[in-house]
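Student:
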Amino acid sequence: MFSVGLTHYLVLSAILFSLGLFGVVTRRNAILVLMGIELILNSANINFIAFSHYGKLNIDGQLAAVFVIILAAAEAAVALAIVLNIYKTFQTVNVDEINKLKE
Amino acid sequence: MELEFLNIGILSWITFLPIIGMIIVLILPKTNWNSIRWTSALFTGIQVILAVIIFINYNRTLPGVNDINSFQFVEKVNWITVQSFPWVGKIDIDYFVGIDGLSVAMVLLTALISFIAVFASWNIDKAVKGYFALLLLLDTGMMGVFVALDFFLFYVFWEVMLLPMYFLIGIWGGPRREYAAIKFFLYTLFGSVLMLLVMLALYFSVTYVDPQTGEKVHTFNMLLMMNPAHYEPNSLLAGLHTFWRYIAYIGLFIGFAIKVPIFPFHTWLPDAHVEAPTAISVILAGVLLKMGTYGLLRISYPMFPDAMVYFAVPLAILGFINIVYGAMVAMAQTDFKKLIAYSSISHMGIVILGMSALNTQGVTGAIMQMFNHGTITAMLFLIVGVIYDRAHTRGLNEFGGLANQMPKYTGVVTVAFFAALGLPGLSGFISEAFAFLGAFQVHRWITIASTLGIVLTAAYMLWTLQRVFLGTLPEKWKTLPDINGRELFTLVPLAIIVIILGIYPSPLIDLMNSSVNHLVEFVSNGAGMSMPKP
Amino acid sequence: MNQDLLVILSISNLLIPLLSFLILIFFGKRLPRGGDSIATTLLFIVLGSSFYVMFQKLMNFPDEAIQASFKWVSFGNVPFIGQLDIHLGIVLDNLSVIMLTVVAIVSSLVHLFSIGYMKDDVRYSRYFAFLGFFTFSMSVIVLTNNFFTMYVGWELVGISSYLLIGHWYEKKSASDAAIKAFIVNRIGDLGMFAGVMIIFFTFKTFSFDQIFNAISSGNIPMGSENWLTAAGILIFCGAIGKSAQFPLHVWLPDAMEGPTPVSALIHAATMVAAGVYLVARVFVMFTADALVFIAYIGAITAFISATIAIAQNDIKKVLAYSTISQLGYMIMGLGVGAYTAGFFHLTTHAMFKAGLFLGSGSVIHAMHHALHHQHDHQTDPQDIRNMGGLRQKMPVTFWTFLIFTLAISGVPFTSGFLSKDSILAGTLAFGNLTGHYLIPIIGFFVAGLTAFYMFRLVIITFLGEHKDNNRIVLIHESPAVMTIPLIIFAVLSFFAFYSLNPFDAAEGWIYKVLPRPDSVVPLASKAASSDVFNEALHHAHYPAMFLSLIIAGLGILFAYITYHWRKIDADKVAEKFKPVYQFLLNKWYFDELYGKIFVAGTHATTRILRWFDNNIIDGFVNNVGHWTVAITLGYKEQWKYKTLSSTVYLTVAIITSVLVTFFSASSLWPAASSIINYLFAIIIGIIAGSLTFFGFWAGAGGFDKYIVDGLVNGVAYLSGFFGLVFRKFQTGKIQTYLIFVLFGFIVLYFIFRFL
Amino acid sequence: MLQQIIDSVRIFQPEITLTLVACVVIILDLVFKNRPRMLAITLLIGFFITGYYLIQQMTGMTVSAFGNMFLIDPYSIFFRLLILLTSIFIVVFSLMSAELYNGKRKLGEYYVFITTATLGMFLMTGAGNLLMMYLAIELTSISSYILAGYKKEVPDSNEASLKYIIYGAVSSGMMLYGISIIYGLTGSLDFYNINTAFQTGEVNFLALVAANVLMIVGFGFKISAVPFHFWTPDVYEGAPITITAFLSVASKAAGFAIFMRYFFTAYYDPVTAALSGTLATLSGFDWNIIIAVISVATMTIGNFIALWQTNLKRLLAYSSIAHAGYMLMGVVVLSSEGVAAVLIYFAVYLFMNLGAFFIVMLIADKIGSEDIESYKGLGYKAPFMAVSLSIFLISLTGLPPTAGFIGKLYLFAALINHQWIWLAIIGVLNSVVSLYYYVKVFRNMFLRNIDEEHEQLKFNPIQVIITILLVAPTLILGLYFSPLVNLAQASVNILGLK
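Now the structure itself:
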């Protein structure tokens, strides 16, 4: 009978992590970039929980996950606020067009 | 013997007087030019008096070099102490000054040249206050280099000079002043950072046992660095003729060579000289160049005798290149000041050649040449300044027949030029002769080749004399006034010194005799190998 | 009679002229008549005292050398050598006292003469000042007892001659001549200096006596006679320069640009004779080989200049070349070992040649005034072709001049006959002894030539008709101040002052007081000893005399035939042998040769080096300079300089080669290292350097293009390039940044992974 | 357990104070509208109280609070002092910054976030647990994101904050992923347990390397080391100068503190350390080599790009990157000397860098430009400020007799003593290069437009005093540095290391 093990979770989180990075570097829309970041954070969370559950380790991992979720929320809030501001000043959320500061 | 005033030794006074002067100058109102000038003159003047006092009281018999007890006017105050930790030993940096035969002549020279430089700067009319303040700061830096016996102190003074120099050239200089200034700054800094690394390497290789606590203390004390016994076994620079010692020597050498300057590090010099105001050229040529050679004598020789002997022949070859190459390039110049600049490259080559011999005549010749070149080149640059102030050009080919227009001036010029081309009876000749005599005993063929420089020098000097002073006077210079009292006052003392030392050099030689002999003996014994004989 | 007095007197002889120099140079302008009287008086005092010194010395201490010296410099207790002091001082032996007197005589009379000749000159007092300075420096040479002060005096007379030749420095030719004189002399001095270095290296002293003693005790440089010979020849180089010997004789004719009395004093009688004096002074340390070398140099010089003198038309040029030729005689005489004869000729020649010059001076003076009255500034007052028939107008000048001419041509009853004859005898003896017959042959031939060209000069100048009738009426005899010296010199050109027997100088007092000293060099390299030589000389004496008489007679005869009776047309002959004539007229093309090779060569080299210095050595820094400019002004265009990039490659190449040199060298050379190893190392370094350069060049060439096309605007190299490139990565696009983060992550991972 | 918490709270006073101050400021801001100066004063008072508690702790004690969550040792105290000092200066600067007070901006939050950022940094210096570390970093970062974008109406400021937050979030996300892997490998987030795990158990090397590189990404972002520096110039240029200064000193310091602490403690090898007397790392895991590479890249690239900058603020941004590179050299040598060198460097860096930014701010407020070209003739318009700026720049170059020289001296000394000679040579050559662009500023201030008429710029006495407060240490520490060095060397002992 097929049983889900630690490896599957790690692979999943790895995929999520890569997807997150991919999204971050490819999407032009600031919102989508932020979503990519969320993916990265959550991939880490999966790791934490998987390790603490399968690795017969202490509770730290799950604690970490909780903290990270909260923190991600805070970060997202700030980020969205900034994006709003950007939209106000630049009339766009396309991160490519926001490149006045360079060289 | 100690000379003290307010419990502060004479060397500290002579070094830091200009700083006091600088502060006063900074306090004075910006517009009151005369008071600013006279203050600077006053302080440098006192410096000269102190220098004379030193000259009189200096004990000619004490060798110094690596022996603390025979240094004179020593002041040693603990400056920085960092208590020790298990992972780093106690750190001691002393304010440690003193002079011996190697430095006393330089101290005199510095005082004299600075004093004259102040009067040469009389007609500066741009930001006068800043100018004299920087000049005095520079003065302290130079003096400090020559009296410091603690490597850290030495390095600090060495670097302190850079900035005033940068501004003095950069603000009061000629049309291409910015380029010249930055070039000077970068070159010298490049050299000195290498020196910094070597200094640190020495610092970690050298320890001495603190008499009170009995613990091992790292130190920047130069004299301790000269003693092989103080090198930690299996530290970076321990032993003789090791790879790292050679590298360290080369690092130091580059640092000093840039100051001298030795081919191929010389190209900052012509630009700096051409752009710098007269007084600054005088200081550059008169004192700054000597720091390089002084550094070699004071630091490279006693601390790396093995490497010094090992590299003696390359050093001599570099000296030869400097002499001949400098003279030849000088001959091709059409700018009066640039010509003088290259001539001083050529003359410093003689110093290098003399030092590379590492025997008494050679080194004595070298140090004398350092002093004499200081006075003679100072005269030459003052002379250029005089004509430039009047004609606002330095093109050799634009002049002619000034001898009739400005007879007094021409008289002084003749003395200076003859001194520069090594005419007997003037100081330049004696030092050249000794340097060559010394070098010939070790580097026979290189020396003989170098004597070619004598002819070349005569050629371009006389040619210049002809182009500027002989022949017929162009219409446009019919109105040039002859040299004035102030300018004469800057030139005549130097001329007198040049003549006196030319006829009877003993006053100068006696100062350095015992030190030079001691140095030669010390290095030859310390090298662990004899000078390469041809 | 104590020696100290003599010493004091001779030192005062040394210093009085210096005093006159100082007085005149500083106060000359304020003194009445430029202070000429002061200078002259002082010089006559010197004359008196030097006569006194000479007589006292020769009477009371004929065969001892009075020394007086002081410690000049002390090197203290030198490692590996011990106490090393340098003593300077004077020596009074027969040689020096006689020479001192000669100098005094000529100098004082020239002072006198100059009062007339230089009348209302622009720099009258300066002129006299320098005369004094010269006399001082000359006395230094004469009195010194060591090589160091000898060299000092050597340079000092050089500089005073420079100053006096360039007296009329408004004329470019004059200042050129002055420089030429000094430089050519310096070349000679180099040799001398090298010789002195060898001497000092070996003996750690400069004093003649100590050196000679050391040699005689067998201590010679590097322990080999060859080095001794070399030292001798090198020191002789000094003489070659000063005494205008081949190949450095080219400066003396040009030196005639100076005032004529100066030519008389410096370039005829004293300074140029200093070379001879030097040879006499150190005669004892010359090996046989060195002496032969000296002899040949003298002979060649005598011959070349005599031939040139024939073709010259400038009165002073003729005399100049005859001077060179006579100096060649003296050198030759010393070379062959006729020590006394050589020096003897120096003294006699000093008198009559000074006379000749002063005579020509008075002629030129007269001509000049005449031309001045005519307002004629084209005609050259020195060209003998414009003269002739001056005999009636200037009798004193003519007769004195004739006496000098007779003397120099070696006609009996003149001093010249005695000295010249003894030299010729010496050469003949030398020929017999060693088989070098070329030397006597040249000697006699030159004697004939001398007689010929001197009489040519006399005839063209004084006899016949003057070229221009309205000029001749304006010509007058010179004033007494000028004629009196002439007369004195003329008197001094008679045999009686030197030897009572007009046909044998050997009976004269000079031979008594100046016997040939014995060489100190090791036996192996010794020349024929005095008595052997004197024996030969004795045999050679009479043949030589007759031969020389005949030859001189022939010379004079030819001169008369050609230029007086016009049996032979000189111009026709010149036409016939045009190439030869041109060759002689142009002084064997020496100046052209040197000009082409050395002068032009040096200038070319200097220009090349200047270019090298500005573009290659400074190249790197220039880039830094442009770079800083670029930074401060934000000009990226600054970077488009293609020329600079190449210099950068060069710089890199040079740096590598230097490094490689040092490392290869450090691996190569043993502790006690020989120059070869360094050369080898340097070669390796250069090869490495050039390789780098080409690699760099090839690679970077493409690099350039790539950059210019692509990323950055024309930044070709160095950190500036990197700066711009990395700067370009800062696109301002956040995602590019993130990509770099990932990129960095990967790179670091692999670095770490495969550490 | 409870007892332990109580004890911990006692030694947690500084942080608690900061928290309280933050709350107080918020409340005050709500109560009195638009009284920014009052807020600032309150804040300063709070900071001084914090400082007082910090000084109290300077007994050389090394204790851990909340079960190794937070470590109090001389090392962290030194860093916290630096950070606090910086924050104080920043608040003072803010009081004088025209750009902040223009446009009637509400500054309550500004000051609050400065406080929270400071708190975050405090926690970073002392964090002994990966989770704690992460939270501290985020606290700092989020506050800084907002501060960077505080000039809401200015596009640059917005752009800066957007870039900052995206970049920061991504790199901290990657770091978090790394943390999770390490947690998986060692089963703990506590530095010391991690260390023991490594010492005993076998760990998968590849995973370890990957994880640590991910960590380095995070740290690299904080200390803006190449290639994770890209955000730095843009953010520094866009943000208000006060914040730029704050980030360039304080947050760098905090980053270094935690970075060194993590690597030194987690990979500490007591055995070899006992032998060699250095902070040896576990065999086969020479993380310092990577740091060497990074440091070379950082200083070189920082300097070389700085050569081309025309905006002084941006130039200083790049120079601060280069300085991070220098300091990394101190980490590379893996020894207390290195750590001491870094501490010393930070101490002097604080004064000189803050000073430079302060004067740039003042000048910008006067002449309305940060462009180097616009500094022409400044040396004659505002001699005092110009001279002070030159002193700071000289110090940044590292020439005696300024403090910067001492910083460099100790760095190179550490390198030489541990025979990292190639690194030392690269370092000194870089400092020569750096001279080029610093000199650019002197050149414009003193060498240009000398002759024309200059109307003097006026500065109020407080500004002058502040400048003096910054110049004085820069010069004095250059000539008499034993107190600083003694303090720094006393502060190198990290909890758990000998």
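Protein chains in written order, with the numbering used here: chain A, 1 to 103; chain B, 1001 to 1534; chain C, 2001 to 2755; chain D, 3001 to 3498. For glycine and all other residues, C-beta sits at the position ideal for the given N, C-alpha and C. Remember, it's a predicted structure, so these values are computed and weren't measured experimentally.
Near C:ALA2274, which residues of its chain fall below 6 Å by C-beta distance, leaving aside the five closest residues on each side in sequence?
Tutor: Counted from its first residue, the third sequence places residue 2274 of chain C at position 274. If we look at C:ALA2274 and ignore the five residues flanking it on each side, its Cβ neighbours are ILE2141, LYS2242.
Student: Can you name, in chain order, every residue of its own chain whose Cβ lies under 6 Å from the Cβ of C:VAL2284, other than the five neighbours on each side?
Tutor: Within the third sequence, numbered from 1, the residue matching residue 2284 of chain C stands at position 284. Same-chain partners within the cutoff: PHE2212, PRO2517, SER2519, VAL2520.
Student: Go ahead and label D:TYR3110 buried or exposed: buried means 16 or more other beta carbons lie within 10 angstroms of its beta carbon, across all protein chains shown.
Tutor: Mapped onto the fourth sequence, residue 3110 of chain D falls at position 110. The residue in question, D:TYR3110, is buried, as its Cβ has 16 or more Cβ neighbours within 10 Å.
Student: Have a look at the DSSP bridge pairing and note the partners of D:SER3008.
Tutor: Here the question's residue 3008 of chain D lines up with position 8 in the fourth sequence. Residue pairing of D:SER3008 in beta bridges, as defined by DSSP: absent, with no partner found.
Student: Could you give the DSSP three-state label for C:GLY2089: helix, strand or coil?
Tutor: As a working mapping, residue 2089 of chain C is identified with position 89 in the third sequence. Correct three-state label for C:GLY2089: strand.
Student: Do you know offhand how far C:TYR2706's Cα is from D:PHE3304's?
Tutor: Residue numbering aside, residue 2706 of chain C sits at position 706 when the third sequence is read from its first letter. Residue numbering aside, residue 3304 of chain D sits at position 304 when the fourth sequence is read from its first letter. Its pLDDT being 35, under 50, C:TYR2706 is placed unreliably in this model, and the coordinates cannot settle the point.
Student: Listed in chain order, which residues of the segment 2731-2750 of chain C have Cβ atoms closer than 7 Å to some Cβ of chain A?
Tutor: THR2731, GLY2732, LYS2733, ILE2734, GLN2735, LEU2738, ILE2739, LEU2742
Student: B:GLY1401 touches chain C at which residues, Cβ-Cβ below 9 Å?
Tutor: Position 401 of the second sequence holds residue 1401 of chain B. The contacting residues are TYR2169, GLU2170.
Student: Quick check on A:LYS88 - is its C-beta less than 7 Å from some C-beta in chain C?
Tutor: Taking the first residue of the first sequence as 1, we reach residue 88 of chain A at position 88. Closer than 7 Å: no.
Student: Hey, how far is the Cα of C:ALA2231 from the Cα of B:SER1012?
Tutor: Position 231 of the third sequence, counted from the start, is the residue given in the question as residue 2231 of chain C. Position 12 of the second sequence, counted from the start, is the residue given in the question as residue 1012 of chain B. Looking at the two C-alpha atoms, the distance is approximately 52 Å.
Student: In the DSSP assignment, what are the bridge partners of B:GLU1075?
Tutor: Along the second sequence, read from residue 1 onward, the residue named residue 1075 of chain B stands at position 75. B:GLU1075 pairs with B:VAL1097.
Student: For D:ALA3127, count neighbouring Cβ atoms within 10 angstroms of its own Cβ and tell me buried if that reaches 16, exposed if not.
Tutor: Your numbering for residue 3127 of chain D matches position 127 in the fourth sequence. Looking at its Cβ environment, which holds 16 or more other Cβ atoms inside 10 Å, D:ALA3127 is buried.
Student: For B:PHE1256, return the contacting residues in chain G, with the cut-off set at a CB-CB distance below 8 Å.
Tutor: No chain G appears in this structure, whose protein chains are A, B, C and D.
Student: Using three-state DSSP, classify B:THR1242 as helix, strand or coil.
Tutor: On the second sequence, residue 1242 of chain B is found 242 positions in, with the first residue counted as 1. B:THR1242: coil per DSSP, three-state reduction.
Student: For C:ARG2610, decide whether its Cβ has a neighbour in chain A, counting only Cβ atoms nearer than 7 Å.
Tutor: On the third sequence, residue 2610 of chain C is found 610 positions in, with the first residue counted as 1. Not closer than 7 Å to any Cβ of chain A, the Cβ of C:ARG2610 fails to qualify, so no.
Student: Check the Cβ of C:ARG2727 against every Cβ in chain A and list those closer than 7 Å, keeping chain order.
Tutor: Start at 1 with the first residue of the third sequence, and residue 2727 of chain C comes out as number 727. Result: GLU103.
Student: Between B:ASP1150 and B:PHE1071, is the Cβ-Cβ spacing less than 7 Å?
Tutor: Start at 1 with the first residue of the second sequence, and residue 1150 of chain B comes out as number 150. Start at 1 with the first residue of the second sequence, and residue 1071 of chain B comes out as number 71. Result no, Cβ atoms of B:ASP1150 and B:PHE1071 do not sit closer than 7 Å.
Student: In this structure, how does DSSP classify D:TYR3183 when only helix, strand and coil are distinguished?
Tutor: By one-based count along the fourth sequence, residue 3183 of chain D stands at place 183. In this structure, D:TYR3183 counts as helix in the three-state DSSP scheme.
Student: When you compare the CB of C:ALA2079 with every CB in chain B, is at least one pair closer than 7 Å?
Tutor: Taking the first residue of the third sequence as 1, we reach residue 2079 of chain C at position 79. Here the sequence assigns Pro to residue 2079 of chain C, which means Ala is not the residue at that position. At least one chain B Cβ lies under 7 Å of C:PRO2079.
Student: Can you pull the chain D neighbours of C:PHE2754, defined as C-beta to C-beta under 9 Å?
Tutor: Within the third sequence, residue 2754 of chain C is the residue found at index 754, counting from 1. Neighbours of C:PHE2754 in chain D, taken as residues at a C-beta separation under 9 Å, are lacking, since the least C-beta distance is about 10 Å.
Student: From B:TYR1249 to B:PHE1304, what distance separates their C-alpha atoms?
Tutor: The residue given as residue 1249 of chain B occupies position 249 in the second sequence. The residue given as residue 1304 of chain B occupies position 304 in the second sequence. Distance between the alpha carbons of B:TYR1249 and B:PHE1304 is about 7 Å.
Student: Verify the CB distance criterion: does D:VAL3209 have a CB-CB separation below 7 Å to chain C?
Tutor: As a first step, residue 3209 of chain D is located in the fourth sequence; it is residue number 209 there, counting from the start. Closer than 7 Å to some Cβ of chain C, the Cβ of D:VAL3209 qualifies, so yes.
Student: Which partner residues of C:GLY2082 appear in the DSSP bridge assignment?
Tutor: For the purposes of this step, residue 2082 of chain C is identified with residue 82 of the third sequence, where counting begins at 1. DSSP output for C:GLY2082 lists C:VAL2078 as bridge partner(s).
Student: Name the residue from B:MET1406, B:VAL1074, B:SER1192 whose alpha carbon lies nearest to the alpha carbon of B:GLU1004.
Tutor: Locating residue 1004 of chain B in the second sequence gives position 4, counting from the first residue. Checking every option, the nearest Cα to that of B:GLU1004 belongs to B:VAL1074.
Student: Closer than 8 Å by beta-carbon distance: list the chain C residues that pair up with A:VAL83, in chain order.
Tutor: The residue given as residue 83 of chain A occupies position 83 in the first sequence. Neighbours of A:VAL83 on chain C: none; closest Cβ ~12 Å, over 8 Å.
Student: Compile a chain-ordered list of the residues in the segment 3412-3443 of chain D whose CB is closer than 8 Å to at least one CB of chain B.
Tutor: PHE3412, ALA3413, ILE3416, ASN3417, GLN3419, ILE3421, ALA3424, ILE3425, VAL3428, LEU3429, SER3431, VAL3432, LEU3435, TYR3436, VAL3439, PHE3442, ARG3443
Student: Name, in chain order, the residues that DSSP records as bridge partners for D:ILE3072.
Tutor: In the fourth sequence, residue 3072 of chain D corresponds to position 72, counting from 1. According to DSSP, D:ILE3072 bridges with D:VAL3063.
Student: Please say whether D:ASN3493 and D:GLY3506 have beta carbons closer to each other than 7 Å?
Tutor: This structure gives no information on residue 3506 of chain D, because the portion of chain D shown stretches from 3001 to 3498.
Student: Tell me, please, which residues DSSP counts as bridged to C:GLN2067.
Tutor: Stepping through the third sequence from its first residue, residue 2067 of chain C is reached at position 67. Answer is C:VAL2091.
Student: Using CA atoms only, rank isn't needed, just tell me which of B:LEU1462, B:LEU1358, B:PHE1440 is closest to B:GLU1521.
Tutor: Here residue 1521 of chain B is taken as the residue at index 521 of the second sequence, counted from 1. Selected option, being the one with the closest Cα: B:LEU1358.
Student: Could you tell me which chain D residues have their CB closer than 8 Å to the CB of A:VAL78, listed as they occur along the chain?
Tutor: Here residue 78 of chain A is taken as the residue at index 78 of the first sequence, counted from 1. Ordered by position in chain D, the residues that pass the 8 Å Cβ test against A:VAL78 are ILE3142, TYR3145, ILE3146, ILE3165.
Student: Compare the Cα-Cα distances from B:MET1461 to each of B:PHE1152, B:PHE1243, B:VAL1413 and report the closest residue.
Tutor: As a working note, residue 1461 of chain B is residue 461 in the second sequence. The residue with the shortest Cα to Cα distance from B:MET1461 is B:VAL1413.
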